[in-house]
Every structure is written in structure tokens, then in C-alpha cells.
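Residue numbers (the working numbering), protein chains in the order written: chain A, 1 to 249; chain B, 250 to 339.
Note that CB positions come from ideal geometry on N, CA and C, so glycine has one too.
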Amino acid sequence: MSYDGLTAETIAFRGHNGDQGEAYHARPVRAGKFPGMVVIHHLPGWDEWITEVVRKFAHHGFVAISPHLYFREGPGSPDDVGARVRAAGGVADEQVVGDVKAAIAYLRAQPNSNGKVGVIGFCSGGRHAYLCACRLPEIDAVVDCWGGNVIVDDKSQLNAKRPVAPIDLSEQLRAPLLGLFGNDDENPNADQVNRTEAVLKRLGKTYEFHRYDKAGHAFFNTARVAYRPEQAADGWTKTFAFLRKHLAA
Amino acid sequence: MCSYIVEKAAVSGSAKGANGWMRIDTANVYFDHPYHAPLDHALAIDFVCEADGARERVAVELSAASARELVTKIMVALAIGEQAHAKPAA
């Protein structure tokens, strides 16, 4: 066999409210129709690793896009922009949902789209993925990778930017959900993962949860000491199997 | 975990960044995923000037142990320095 080529580039992108920003985009170069994936970055920002994830999806036959969720705080390098966003208390959920909605529309508008679009997010992006799947019925499949604060036990943590705990929107979840978690993670911890699963089960949602021993937070991330190659390899296999099942045309 | 916790310290002084020296009035301190350091979590400090819009920063990402070592050495340096400078000139 030979590997398919891919094209990757940073593109102009219109997000929430039509705001002009940028996104990282990768697609297979061969002709055909492909499912789309929106890749949501973690709280520190739009980093090199997330661009690797976007290219990985293209390598596996998806058209993928990662919107820079912090572009409104630019210009500047993604790390400096991320620091500004952190100092300002993060980005508003409403804005993220709008940016993801726009990214989904962008993918569906491409001539190589098969019409199906999924969303994956990591860390705070995992929470965003869960939130978006509850808010946006146009999502066909969602992957939550160790999203923290899906459950908010301390309601004082809710604020104008994050007014609702995503778990409280679960009834609106339409897309099948894949959840990947490390058993040594502190946020979400094992109890929170169990409680999230109990809610999905009670509501009759379509979901798969996979829990990994000897793994904590961010165990896919090859740029960190948290990386766990064996668990990550299995997690990626399960991710692609889940997405091929639910995003087939 | 990704947290939104940021401790803000009012500081007074200068820092040298990509565009040279700048005055600073705030240190944003947090313990979370770093952007660059190959650590699960890092004690990060962003020195900024909020009065000037905080568009530039001087940043560090430190391991927890080295951050504590830094705190200790800052206190030691201050104690020794203030004592030395308090001595009357010979």
C-alpha cells in the first residue's frame, strides 16, 4: 500500500457573529468525498500538537479543521494570545459554540464533503465538544477526550462566560458520543466520569466510554510527559472506528 | 487539568521581552498545562503591563519543584540584599 498525500494550510475563517479569524485545515489530496472533523484545542491555545492532530485526521481520510478559538485576542503568537485569554478568564461558551458551528458549516460547504461532520476536543476542548454536541444538532458524532468540568460540583464556578454545566444539557445531545478518559486524571476524575456515564445511560443516549489505567490527563499528547503510547494507540484506534461508523455517507 | 485559575500579583518594575524593555504592573500566576515546557503541569508566570493593554508579556513555565526553589531564593536574596544595603557605608 502507499500512503495518501494531504494538504495542510492556515485559512481565513469566519466564526461566531461573522468575525474574521483563522483556522488550520488539512485534507486528503486524492479525489473523493470525505467526512469532516472539527478539532477543538485545549486551554493553553492553538498549539503545534493540535495541528498534528488535524493532519492525522487528513492522513486517515477526513477533512479536518481546527479553528483558532482565541483569534479575537490577536494578533500575536498563539501562546501569547492564549495567555491573554487565560488572564481574561477564558472564552465564552456561546462564542465557542458559534465558532464550532461556523467550522461545521465550512466543512459541509467543501466540494469534497460527504455531508457528515464530527467534533473532537481535548481537555477544555473536550468540554467544549460535549457542550457543542448538546447545542448543535448538526453534529453527527462527538469525541470527548478527558474534558474537565463537564460536571460542575461547585456552582460558584459557573459565571457569565460558562453559565451552564454541560452535563445539564445532556438531554439535548443527539449525536453518538465517544468518551476517552485516564483513570489517574483529576479533572475529570473517575467519579465524575462514572456520573457522566450514568446520566447518558439514564437518558438513553448512544455512547461509548473507555477508561485507561496508568493514564492521566492528556495521554494522547506526544508533546507531554503525560503521553502514554500504548493507551493512546488504543484510543486512536477506537476513535477512528467510532468515526468511520458514524460519519459514513 | 485545564483550569481557569489565575492569581494576579500587582508588581512594580520592568521586564525585557521580544521588543526590549517594558514597564510591568502585573504578574499573572497559574499552575496548569504549559504551552512549551515538557511537563504535565507548570507554574507559569506572565509579566504584563495591564495599564498599557497587556499585549506583550514576558513568560516563564517552571516545574513545581523549581518554582518553589525560585521562591526560596527570591526570599533569601531579598533578605541578604536588604541587610547588606541597610548597612551604613564603610
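Between which two residues does the beta strand (DSSP E) containing valine 260 of chain B stretch?
Under the DSSP assignment, valine 260 of chain B falls in the beta strand (DSSP E) whose first and last residues are 256–266.
Counterpart residues of isoleucine 65 of chain A in DSSP-defined beta bridges
DSSP, once it has assigned bridges, lists A:His25, A:Val38 as partnering isoleucine 65 of chain A.
Euclidean distance between Cα positions of glycine 321 of chain A and alanine 8 of chain A
Absent from the structure is residue 321 of chain A, since the part of chain A shown begins at 1 and ends at 249.
Count the other CB atoms within 10 Å of the CB of histidine 334 of chain B; is the residue buried (16 or more) or exposed (fewer)?
Result: exposed.
Between A:His25, A:Glu73, A:Pro35, A:Gly36, which lies nearest to isoleucine 50 of chain A when the distance is taken from Cα to Cα?
Of A:His25, A:Glu73, A:Pro35, A:Gly36, the residue nearest in Cα terms is A:His25.
Residue of B:Asp301, B:Gly302, B:Ser263, B:Ala308 minimising C-alpha distance to alanine 291 of chain B
Taking only the C-alpha atoms, the option nearest alanine 291 of chain B is B:Ala308.
Residues of chain A with CB under 9 Å from aspartate 281 of chain B, in chain order?
For aspartate 281 of chain B, the C-beta contacts it makes with chain A under 9 Å involve Leu43, Pro44, Arg86, in order along the chain.
Strictly below 8 Å CB to CB, what residues from chain B border valine 225 of chain A?
Taking a Cβ-Cβ threshold of 8 Å, the residues of chain B close to valine 225 of chain A are Pro287, Leu288, Asp289, in chain order.
Along chain B, in chain order, which residues have C-beta atoms closer than 8 Å to that of alanine 218 of chain A?
Simply His282, Asp289.
What's the C-alpha gap between aspartate 225 of chain A and cysteine 134 of chain A?
Reading off the sequence, residue 225 of chain A comes out as valine, not aspartate. Their backbone Cα atoms lie some 32 Å apart in a straight line.
Nearest by alpha-carbon distance to valine 97 of chain A: which of A:Asn194, A:Gly18, A:Gln110, A:Lys245 is it?
Out of A:Asn194, A:Gly18, A:Gln110, A:Lys245, the CA that lies nearest to the CA of valine 97 of chain A is found in A:Gly18.
What span of residues does the alpha helix (DSSP H) with valine 150 of chain A cover, start to end?
Boundaries cannot be given for valine 150 of chain A, as no alpha helix (DSSP H) includes it and DSSP labels it neither H nor E.
So is serine 170 of chain A buried or exposed if we call it buried at 16+ other beta carbons inside 10 Å?
Buried, by the Cβ-count rule.
How would you write the range of the beta strand (DSSP E) that glycine 115 of chain A sits in, first residue to last?
113–122 is the extent of the beta strand (DSSP E) around glycine 115 of chain A.
Helix, strand or coil for serine 270 of chain B per DSSP?
In the sequence on display, residue 270 of chain B carries tryptophan and not serine. Here DSSP, grouped into helix, strand and coil, assigns tryptophan 270 of chain B to strand.
Does any residue of chain A have a CB that is nearer than 8 Å to the CB of aspartate 295 of chain B?
Yes - at least one Cβ of chain A is within 8 Å of the one on aspartate 295 of chain B.
For glycine 21 of chain A, return the contacting residues in chain B, with the cut-off set at a CB-CB distance below 7 Å.
Taking a Cβ-Cβ threshold of 7 Å, none of the residues of chain B is close to glycine 21 of chain A; the smallest such distance is about 18 Å.
When you compare the CB positions of isoleucine 120 of chain A and valine 29 of chain A, do they come within less than 8 Å of one another, or not?
Not a contact, by the Cβ cut-off of 8 Å.
Between cysteine 123 of chain A and the rest of its own chain, which residues show a CB-CB distance below 8 Å, the 5 nearest in sequence each way excluded?
Only His42, Leu43, Cys145, Trp146, Gly147, Gly148, His217, Ala218 meet the Cβ criterion.
Within-8 Å CB hit, alanine 83 of chain A to chain B:
Yes - at least one Cβ of chain B is within 8 Å of the one on alanine 83 of chain A.
With a 10 Å radius around its C-beta and 16 neighbouring C-beta atoms as the bar for buried, classify arginine 202 of chain A as buried or exposed.
Arginine 202 of chain A comes out exposed.
By the 10 Å Cβ neighbour count, where 16 or more other Cβ atoms means buried, how is glutamine 84 of chain A classified, buried or exposed?
Here residue 84 of chain A is arginine; the residue named in the question, glutamine, does not match the sequence. Buried, since its Cβ has 16 or more Cβ neighbours within 10 Å.
Can you say whether isoleucine 329 of chain B is buried or exposed, counting buried as having 16 or more other CB atoms within 10 angstroms of its CB?
Exposed, by the Cβ-count rule.
Distance, glutamate 305 of chain B Cα to alanine 264 of chain B Cα:
Between the C-alpha atoms of alanine 264 of chain B and glutamate 305 of chain B there is a straight-line separation of about 10 Å.
Check this for me: beta carbons of proline 176 of chain A and leucine 131 of chain A, under 8 Å apart or not?
No; because the gap between Cβ atoms is not below 8 Å, this pair is not in contact.
Taking only beta-carbon positions, decide if asparagine 277 of chain B is within less than 8 Å of chain A.
It does: the Cβ of asparagine 277 of chain B has a partner Cβ on chain A nearer than 8 Å.
Whose Cβ in chain B lies nearer than 7 Å to the Cβ of glycine 5 of chain A?
By Cβ distance, chain B contributes nothing, its closest Cβ being about 30 Å from glycine 5 of chain A, past 7 Å.
Would you mind working out which of A:Gly5, A:Arg228, A:Glu186 sits nearest serine 342 of chain B, comparing C-alpha positions?
In the structure displayed, chain B extends from 250 to 339; residue 342 of chain B sits before or after that span and is not available.
Along chain A, which residues have their Cβ under 7 Å away from the Cβ of valine 309 of chain B?
Neighbours of valine 309 of chain B on chain A: none; closest Cβ ~11 Å, over 7 Å.
C-beta contact flag for leucine 180 of chain A and glycine 118 of chain A at 8 Å
Glycine 118 of chain A is positioned such that its CB atom lies no closer than 8 Å to that of leucine 180 of chain A.
Tell me the rounded alpha-carbon separation between glycine 36 of chain A and asparagine 114 of chain A.
Here the alpha carbons of asparagine 114 of chain A and glycine 36 of chain A stand approximately 8 Å from one another.
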